[in-house]
Every structure is written in structure tokens, then in C-alpha cells.
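Asks:
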Amino acid sequence: MPISVPEDDAAAPANASRDHVLFRIAGREFAVPVDSVIEIVRHRDATRVPGAARTVEGIIPLRGQMVTLLDLRLCLALPPRPSGAAAQVIVLRSAGDRLGLVVDGVSGVAPLSNHVVPLDIGTLLQGMS
Amino acid sequence: MSDERSGRPEREHSLREFVAEADEILEALSDALRDLEAVFEAGGPHLDLINTLFRGAHTIKGFAAVLGFPEIASLTHALEDLLTRLRLGGTLEGKILDLLHDTLDSLLGAVSDLRSGSAVFPALGPLSDRLAGAAAAIIIPQNESPGTTGLPERVRASLTEYEESRLQRCLSRGFHLALVRVRPDPQCLEEDLQDVARRVGELGELISTLPVVGERDDRIVFDLLVASSRPLSDDDLPRAIVEDRRLIAAPVPVAAPAGPSQERDGMDAAADRLGATLSLRVPVARLDEVLSQVDALSIALASLEREIGAVREGHPDDHSTRQMEPLLRIVLARLRTLQRGAIEARLVPLDQEFRKVGRAVGRAARASGKEIDLHTLGADTEIDKSVMDGLAPPLMHLVVNAIDHGIESPEERERRSKPRRGQLVLSAFRRGPSVVIDVIDDGRGIAIREIEGAAVARGLWPANREMSRDEAHEMIFRPGFSTASRVTTVSGRGVGMDVVRRAIRALKGSIVVRSAEGRGTTFTVIVPISLALVPAIVVRSGDQRFAIPIASIRENLRLDGTRVRESERGLIYERPDGPLPLLRLERLLSPAGGGATDLTTLGRYAIVAGGEGRKVGIVVDGLVRRQEVVVKPIGRFLGDLPGIAGAADLGDATAVLVLDPETLMPGEPNAHIGA
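Respectively, the protein sequence lines represent chains R and Y. Taken in order, the first sequence gives residues 1 to 129; the numbers are from the working numbering. Taken in order, the second sequence gives residues 130 to 804; the numbers are from the working numbering.
(1) Which of helix, strand or coil does DSSP assign to Y:Pro313?
(2) If you compare alpha carbons, which of Y:Ala645, Y:Leu779, Y:Phe766 is closest to Y:Arg674?
(3) For R:Arg98 and chain Y, any beta-carbon pair shorter than 9 angstroms?
(4) From Y:Leu420 to Y:Leu228, what does the alpha carbon distance come to, in whole angstroms?
(5) Using a Cβ cut-off of 8 angstroms, pull out every chain R residue sitting near Y:Val785, in sequence order please.
(6) Going by DSSP, what residue range makes up the alpha helix (DSSP H) through Y:Leu280?
(7) State buried or exposed for Y:Val413, treating a residue as buried only when at least 16 other CB atoms are found within 10 Å of its CB.
(8) Can you give the Cα-Cα distance for Y:Ala738 and R:Pro118, rounded to whole angstroms?
(9) Do you know how far the Cα of Y:Lys224 is from the Cα of Y:Ala252?
(10) Measure the beta-carbon distance from Y:Leu767 to R:Thr123 and round it to whole angstroms, keeping in mind my assumption that it falls under 8 angstroms.
(11) Are any of the Cβ atoms in chain R nearer than 9 angstroms to that of Y:Ser421?
(12) Using DSSP bridges, identify the partner residues of R:Glu66.
(13) Determine the direct distance from the alpha carbon of Y:Asp152 to that of Y:Val240, and round the result to whole angstroms.
(14) Sort out for me which residues DSSP pairs Y:Gln552 with in a bridge.
(15) Any idea what DSSP makes of Y:Gly746, helix, strand or coil?
(16) Run the proximity test for Y:Pro771: is its beta-carbon closer than 8 angstroms to any non-hydrogen atom belonging to the ligand SAH?
(17) In this structure, does DSSP put R:Glu29 in helix, strand or coil?
(18) Going by beta carbon distance, what residues of the same chain come within less than 6 angstroms of Y:Asp352, once the five residues before and after it are set aside?
(19) Does R:Pro82 get closer than 9 angstroms to chain Y when you measure Cβ to Cβ?
(20) In whole angstroms, give me the CA-to-CA distance for Y:Arg184 and Y:Leu221.
(21) Counting pairs of beta carbons, one from the region 74 to 84 of chain R and one from the region 107 to 114 of chain R, are three or more of them closer than 8 angstroms?
(22) Identify, in the order they occur along the chain, each residue of the same chain with its Cβ nearer than 8 angstroms to the Cβ of Y:Ile472, setting aside the five sequence neighbours on each side.
(23) Run through chain R and tell me which residues come within less than 9 angstroms of Y:Asp424, C-beta to C-beta.
(24) Of all Cβ atoms in chain Y, is any one closer than 9 angstroms to the Cβ of R:Val67?
(25) In whole angstroms, what separates the C-alpha of R:Ile40 from that of Y:Leu426?
(26) Assess contact between the region 562 to 576 of chain Y and the region 639 to 650 of chain Y, defined as three or more Cβ pairs (one per stretch) separated by less than 8 angstroms. Is contact present?
(27) Enumerate, from N- to C-terminal direction, the unbroken alpha helix (DSSP H) stretches of 4 or more residues contained entirely within the region 396 to 480 of chain Y.
(28) Comparing the C-beta of Y:Gly673 with each C-beta of chain R, is any distance below 9 angstroms?
(29) Excluding the five sequence neighbours on either side, which residues of its own chain have a C-beta within less than 8 angstroms of the C-beta of R:Arg98, listed in chain order?
(30) Rounded to whole angstroms, how far is the Cβ of Y:Glu511 from the Cβ of Y:Pro478, which I believe are closer than 8 angstroms?
(31) Distance, Cα to Cα, Y:Arg415 vs Y:Val565?
(32) Have a look at Y:Pro539 and Y:Leu553 and give me their C-alpha separation to the nearest angstrom.
(33) Which runs of the alpha helix (DSSP H) fall wholly inside the region 652 to 719 of chain Y and span at least 4 residues, in chain order?
(34) Mind checking Y:Glu293: buried by the 16 CB within 10 Å criterion, or exposed?
(35) Could you please give me the residues that DSSP links to Y:Val486 through a beta bridge?
(36) To the nearest angstrom, report how far apart Y:Ser681 and Y:Asp789 are at their CA atoms.
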């Protein structure tokens, strides 16, 4: 079912000159605006939730709130992560809830550059149906 | 409150908010005014009641000003002025009481007009003028203690009870009192004020910070009421922002106190006179913050416990590690107590709600022409504030329902040889982790044939089938049965019993009804005392764990495989008192999983949960332990999940789904359940 996402930090349109958190998935580099990022944690197994979209790994508790983990490889139609490979989670705030993006690794914080693909979280969330 | 999109929706919201707040306050003021009349006739002291009226007027003025109702704000401002003069010792007279009644009536009328959608109400200007005239005519005796005559009236009247008691206390200790006007830089308002507060704190006490409504809008001006042990000098406060300093009172030589006990008695008496209270208003959010810190601590301790256990396993003979466990247990016990304390801080007595209901009963009875006696029991039973807030609307509806439809008119009651006055009982008591609330009336009861007829007419019941009493009692809760389009005069809107039941279920509670035709009806509502910490059983199913709230558990069964059979709706367990649908939790997670059920892999236990005739046996492989869990919302990205109340952190950094057995349906885990 489509989820309507209110205009909020995570879904704000990308502004190239703002700082972004850069991260890698399958050898490619992506970015999300730093304003909406709360923290970056090590990936751990998530609890599966019945009826969730297949791009949702599950939920993990973090600092008293539940974080929904989104498997970005599935979202972006990239090949699955090799077993045993390390992964990290970028935790975003989104209208009071917490969304966690599962990525291979985080590179750093910088303004956007040409080879980096900015992610539109709003579109990702709409695709979670 | 400015908003580019603002217009009607914003305005309507303000209106609703104002009406809701004003209603409640005006009710309280009606009570206070009635009491004031009684006390005035008896010739007794009435300062407390004047104070109550003042605070109410002050609050309404604030709401009216902020939410955009200037006429009401002006009227309540004039009322405030009149009450201020009475507070300061002016004499109350009969014609002032009449004026207060008129004012209250006008306010009630204005709010009622607003509520029914008309934006215009009779002009309040003339009434404001009358109030101003009456206020000017009141003489205030100049017999205040010498220490406070210099204090401007408006400042004195704006002090809260607590501030007044602090003021008296400082004066009686021989402090100097000064009124300092400051004009801080708007760019660093907080810092400037904090700086001043700190400096004052070194010299004495900052009693009050009062914003001044000034002529110029570019800067915000404050009057600070400062009590100091020595007279203030120019260097004491930052010169840049101090505009004016006025000495109000120098200490009056006081006779040496006879002893510490006498001084204490004097101060206590002063506190009593001013009505200083022993309680504080605390925003609920602040308590929630404390509670969430305690939860975080609990999780950290659970991790510590695990680590200590692991260390102990590795070094079973080591003495110091052996010491750790009992120490940890002490810490956990103290934490438990702290957790309970934080939860109990949010508990409020049901009394508030019962009194509100009491007022509504009077109105409802008059509106429907019935005579009702209301009895309340157990008003001091405590319940979590948010549970009470959620309970208020359904409870009110049950009571109004009992008056509108349950209790008969006085004539009909006499015809049935019943006492003319109908009896309504509201009772509450605590039972374990729950509060049980009964709404009892001695009215006509639930007429089965009538219900049957209405149900057939609405297509909810086959015409040729006889309805049992239990079925009739269940039918009234069905959506579509209640005539939601009907509007009762009291509640102002039609609300069906299905909405009542859903509201109570949202609080993780339940409602049942017992009734005898012609004799009366009892609705029993059971809600948990607190939603924060839920006692639950952690269970294992496959490789996942789940938590099931104990409040939903009826019994635990050891499954006998021979009694399990398949049906088109899933597995059924044969029991002497009827078949029990079984639910396999792993099906919950992968509903499409598997064709034929392999009964050999069926779990060993079934937790029988649910109520009100909708029992289900949740099959599990094992019971892990009993634990109190804090149920957190899963997050909006996952939509609405029937059967899941939320998720909890058990202390090992993984989330465990907390089930809501009331909304689980075996065999159709994704179906949405109707009432």
C-alpha cells in the first residue's frame, strides 16, 4: 500500500551544495543529506515483521525507538550483499520515526560531486508498497 | 500560529481548542460561583473561591487572546480586574455577585455560540463596562503588611500562590524588596535573563519575572521582583539591560523570634493562609522523559547482567566475579522500584473524571426529563493519566447512554413500581494490574426482542432466528447496529457502542455488559492501570521470540497432538468445552508458507488468549520467561499490522514483536478484523 510521506527532513529535495553523507553500495557511491542523519551504527540482524514490503529487512531497537531497516540493494535492484560482508546502517529521522538504510560502508561527509548519486528518500519510501 | 496555508482549517482548529478548554474552565467556575454564594450568605471567608475564579478568568483570557477571540479576552480581562480588587481585600456585595453571575452567563453563551458555529455573539462591551465600573467602586483597605504597600497592584495580583508565599517568607526574614525593570537584548534573551537570575541568586532570591506589555514592540521588557539580603547597588545587575530600579520595601525591624518553632509556625500559618500547595504541575512529557531514561537504564543493566553471567561461566571459581551477581541483583531491585516510581508519578485519581461525569449527569437528566441519583465509589482509584484521557470519552458516553436509554422517565418508573428517581452508580476499583470500572443503572435493561428487531431491520440478523441474551449483548457493539446518525443533546454527537468498544480496546482494555430486562444494566470496563510497562510472557516459536501481554492470556495448554485437526480455516484443537482455533506464529511471518500442515512439527504449547468469545490458541515451541516490557510503536513505514501491538527491546538489542491477541485471526493473518 502506498505510504504517504509528509514533507520532512529525510524526503527534502537534494540541494547539491549542502553537506551529504556519502556511502557505498556494490562499488557505487551514493549520498543522503546530512541534516536528516541521526547516527551511523553497525549492522545487526533485524526482527522480521509480518506483512512488510520485501525491501524491509525488519526492525531493530535503538535508543528507545524502533528503526525500520531498508535493504537498499533490493530497493536499487543491486545484487545481494555477499554473505559475511560487513555492513552499516545510516539512521535517518523522518517525521518522528526512524528509518535505517543498510549500506556497505560510509565514506564521509561532503557536498555532492559528480560521481555520487543522491538518493531521494521520498521516492524510496513510496516504493515500499 | 501563523501559517501560509492558514484559513479555515487553522481557524476551526483554534475554535475547537478554545471551546474545549473554555467549557471545562467555565464548568469549574460555575461550581465555584455557586459555592461563593453559599459561603457569602453564611458570612464565611471566601478568599480561596475568589482566587479560583480569578485563575479561571485569567486562563480563559490567555486562551482567548492567543486563539483569536479579542472580545472574550477583553471581557475576562475586565473580570480579572474586578476579582483582583476583591482579592486585595475589597468587600464582596450582593450586587457584585449578581454581576459575576451575569458575566459567567455571558461567557457560557458566547462559548456556546462559538461551539454551534456562529462567529457572532451578543456584544460583550457593555458588560465589560459594568465590570469596570464595579471594580472602580471597590475600596481596598490599606492594611497590608508594611512591607508590600509599595508593590504595584498589578504585580501583586500576577503572583502565583507559590510566589506570594516566597514573597512573604523573604519579607519576614528581613529582606529588601525591589522591582527591577530590565530590557534585555532580544538576540540573547535567554542568556541575559539567566545572567540576571544567577546574579540575583547570589544576593537573595528572584521571586518573579513578569513580562510587561509595553508601548514599544521592538524590545521585550520584564519587571523582576527581587528580594535581597542587602539593598541592591548599580553594580549588582548588568547595567546594559537595567532600565529602572525601585525599592519597594526595606526590612521592618522584627521582634526577635521566641525560638525556631515559633518562626516555623508563623511561616506555616502564612503558607496556609495563602493556600500554598504541596504539589506541582509537571508536564507529562517531562515524566515520560524520566521514564524513558529509566527504561534505557534497564536495558543497559540487562546487558550488564548478561556479560556478568558470561564472565561467571568462564571463571566459576573466581571470588570477585561471584560477588558481582548479588550486587547486580540489588541494583536491579532498586531500578525496579525507580521504574515503578516513575510510572506511578503519572498516576492520577479517577476522581477528576468522576466529577466531570457528575456534572454531565445533571445536564443529561434535565435534558431528558428524568430524575437521577448518581453514586460514585472508588473515586480515589488511580490510573495512568493517558489511560484516563483515553477513557474519558467512552465513559461519558456510557453514562449518557444510561440516562438517555437505560433509565425510564419518572412516570414510567412509577408504573413499573420502581422508585421515581433512577439510580446510577459509577464504581472503580483496582484488581491486580487493572482497574475495573462499572457503570450501573437500574433502568429498563437490554430488551432482547427489541435488539433482535433492530438487527433484522438493519440486515444484521436473519429474520427467522431467535437471538439469545448473549448474542443480544454482543449485537449492541456491532458497527452498523448503533444508529450513529442520531445526535443526543448532551454529547452533541452520535457515537455508537462500537466506537466505545474500540476506544477501550485501544487502551488494551475490554468491556462487557450484563443486563436483566426491566431491572437494569451494568457495563464493566477493564483497563490496565498503566500502558507503559506491560507484564508479558516471552515465548519462542521457531527461531523467533514474541511477547504476549499477560492481560490477554486466559490459560496455557500443553498440546495433545491427537486432538488437533485441520479445517478450511486452519487448525482446530478439540476441547471438552468447545473447539479452539489454533494459530501458528510462524504463519504470521510467512503467511504463504507451506501447504499441508506438518502436525509433527507443531509446537508443544498453546497460549490461550483473547476474550469475549474470540479465543485463540497461539502455538509456541517454548516459554522463555515472564518479563515486563515497554511496548514501543513499530513505526509508520510498516503500515497497520493486525495482531501486533508493537515491539519491545528485551535488553539484548533485538526487537521482539508484542502480540495483540484480540486482533489475531487464525488462518487469515492479514485479514482486517471487524468488531
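Glycine residues also receive a C-beta, built at the ideal position from the N, C-alpha and C atoms.
Replies: Taking the definition as stated:
(1) coil
(2) Y:Leu779
(3) R:Arg98 has a beta carbon lying within less than 9 angstroms of a beta carbon in chain Y.
(4) One C-alpha to the other measures close to 48 angstroms.
(5) Thr47
(6) Secondary structure note for Y:Leu280: it is in no alpha helix (DSSP H), with a DSSP letter that is neither H nor E.
(7) exposed
(8) 48 angstroms
(9) 22 angstroms
(10) The beta carbons of Y:Leu767 and R:Thr123 sit about 18 angstroms from each other, so the pair does not count as a contact at 8 angstroms.
(11) yes
(12) Reading the sequence as shown, one finds Met at residue 66 of chain R and not Glu. In the DSSP output, where bridge partners are listed per residue, R:Met66 has R:Pro61.
(13) 7 angstroms
(14) Its beta-bridge partners are Y:Asp502.
(15) strand
(16) Ligands displayed in this structure: none; no statement on the ligand SAH is therefore possible.
(17) strand
(18) Leu308, Arg310, Leu339, Val341
(19) no
(20) 18 angstroms
(21) no
(22) Leu420, Asp513, Ser659, Ala661, Leu662
(23) Gly64
(24) yes
(25) Each residue's alpha carbon lies about 22 angstroms from the other.
(26) yes
(27) 413 to 443, 448 to 474
(28) The sequence given here places Gln at residue 673 of chain Y; Gly does not occur at that position. With 9 angstroms as the cut-off, Y:Gln673 counts as an interface residue toward chain R.
(29) Ile38, Leu62, Gln65, Met66, Val67, Thr68, Val91, Leu92
(30) 5 angstroms
(31) 28 angstroms
(32) 14 angstroms
(33) 714 to 718
(34) Buried, because 16 or more other Cβ atoms sit within 10 Å of the Cβ of Y:Glu293.
(35) BP columns for Y:Val486 are empty, so no partner.
(36) 8 angstroms
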